[in-house]
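Data block below; observations after.
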Amino acid sequence: AKAKLGEIGEGWFEHLPELRVLNLEFNQLKAIPAFAFRGLTKLKVLWLTGNHYQRDEMEYKKMKALGNNIETVEKDAFAGLGNLQVLLMHHNKVKQLDTAVFRDLGKLKVLKLLDNPVTKTLLKSDPTFDPIREYCYQVDLVRDSGDDLEDYWEKTGTYLSDEWFEGPPGKK
Numbered sequence: 613a614k615a616k617l618g619e620i621g622e623g624w625f626e627h628l629p630e631l632r633v634l635n636l637e638f639n640q641l642k643a644i645p646a647f648a649f650r651g652l653t654k655l656k657v658l659w660l661t662g663n664h665y666q667r668d669e670m671e672y673k674k675m676k677a678l679g680n681n682i683e684t685v686e687k688d689a690f691a692g693l694g695n696l697q698v699l700l701m702h703h704n705k706v707k708q709l710d711t712a713v714f715r716d717l718g719k720l721k722v723l724k725l726l727d728n729p730v731t732k733t734l735l736k737s738d739p740t741f742d743p744i745r746e747y748c749y750q751v752d753l754v755r756d757s758g759d760d761l762e763d764y765w766e767k768t769g770t771y772l773s774d775e776w777f778e779g780p781p782g783k784k
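Numbering (my numbering), first residue to last: 613 to 784.
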């Protein structure tokens with residue numbers, strides 16, 4: 613985070629096949645291209661969050677300048693991320709999502725999209741969410757309902773493991 617990448621390209625992370633967590637917040641990203649995460653078959657958590665600092669916080673101006681302002685997410689942006697469990701894209705400028713954008717994310721449990729223009733028209737019943745509907749128990753479109761899965765991983769020391777179980781941690 614805070615690397616000021618500005619952009620990411622197709623296959624930039626292919627040399628990191630064992631990566632489980634990728635934090636790209638505060639990198640001034642504006643788009644997520646097709647196959648951006650190719651080769652990250654073990655990726656479990658992906659942070660693409662925009663600026664989440666509040667105006668009254670001391671670091672607000674600096675973080676607002678560094679924050680992602682993702683507008684475009686290509687249809688194949690998340691292709692191949694079959695083990696992804698958490699996708700954080702809130703506080704960006706995403707205006708639309710292709711109905712197939714989440715098609716490879718069958719193990720996704722948490723999706724945060726709140727504070728994006730797309731959430732003004734998107735409902736949880738939208739076909740866009742069909743590929744993740746079976747196991748994704750947390751789809752935040754309007755408000756942030758918390759981080760219970762990540763808190764569980766931190767508490768149990770399993771954040772970097774390949775563990776997967778159905779449902780939220782409380783039902784395990």
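Backbone N, C-alpha and C define an ideal beta-carbon position, used for all residues, glycine too. Fair warning: this is a prediction, and the values are worked out from it, not measured in the lab.
(1) At what residues does the beta strand (DSSP E) containing Trp659 begin and finish?
(2) I'd like to confirm the pairing. Which residues does DSSP put opposite Asn680 in its beta bridges?
(3) Would you mind reading off the limits of the alpha helix (DSSP H) that contains Lys767?
(4) Can you list the beta strand (DSSP E) stretches of 3 or more residues lying completely in the segment 708-734, in chain order?
(5) From the DSSP output, in three-state form, read off Ile744 for me.
(6) Starting from Leu699 and walking both ways along the beta strand (DSSP E), at which residues does that stretch end?
(7) Leaving out five residues before and five after Pro629 in sequence, what residues of the same chain have Cβ atoms less than 8 Å from its Cβ?
(8) Using DSSP bridges, identify the partner residues of Val685.
(9) To the nearest angstrom, how far is it from the Cα of Ala613 to the Cα of His627?
(10) Just to confirm, is the Cβ distance from Tyr771 to Val633 under 8 Å?
(11) Would you tell me roughly how many angstroms separate the C-alpha atoms of Ala712 and Glu766, rounded to the nearest one?
(12) Between which two residues does the beta strand (DSSP E) harbouring Leu772 extend?
(13) For Asp752, list the residues DSSP reports as bridge partners.
(14) Are any of the Cβ atoms in chain C nearer than 8 Å to that of Arg745?
(15) On the criterion of 16 or more Cβ atoms from any shown chain inside 10 Å, does Glu671 qualify as buried, or is it exposed?
(16) Just checking my contact of Val751 with Leu723 at CB under 8 Å: how many whole Å lie between their CB atoms?
(17) For the beta strand (DSSP E) that Asn635 lies in, which residues bound it at each end?
In this structure, then:
(1) Per DSSP, Trp659 belongs to the beta strand (DSSP E) from 657-659.
(2) In the DSSP assignment, the residues bridged to Asn680 are Gly662.
(3) Here the alpha helix (DSSP H) through Lys767 covers 760-768.
(4) Runs of the beta strand (DSSP E) inside the segment 708-734: 722-724.
(5) Reduced to three states, the DSSP call for Ile744 is helix.
(6) Unbroken beta strand (DSSP E) run through Leu699: 698-700.
(7) By the criterion of a C-beta distance shorter than 8 Å, Pro629 is surrounded in its chain by Gly651, Leu652, Thr653, Lys654, once the five residues flanking it on both sides are discounted.
(8) BP columns for Val685 point to Ile644.
(9) Confidence is the limiting factor: at Ala613 the pLDDT is only 48, short of 50, which leaves the residue's position unreliable and the question unanswerable from this model.
(10) With respect to the 8 Å criterion, Tyr771 and Val633 are classified as neighbours on the basis of their beta carbons.
(11) Computed Cα separation, rounded: 31 Å.
(12) Counting along the chain, Leu772 sits inside no beta strand (DSSP E), nor does DSSP assign it H or E at all.
(13) BP columns for Asp752 point to Lys724.
(14) Looking at the structure shown, chain C is missing, and only one protein chain is on hand.
(15) Taking all protein chains shown into account, Glu671 has fewer than 16 neighbouring C-beta atoms within 10 Å of its C-beta and is therefore exposed.
(16) Their Cβ separation, rounded to whole angstroms, is 5 Å, which keeps Val751 and Leu723 in contact under 8 Å.
(17) Its beta strand (DSSP E) spans residues 633-635.
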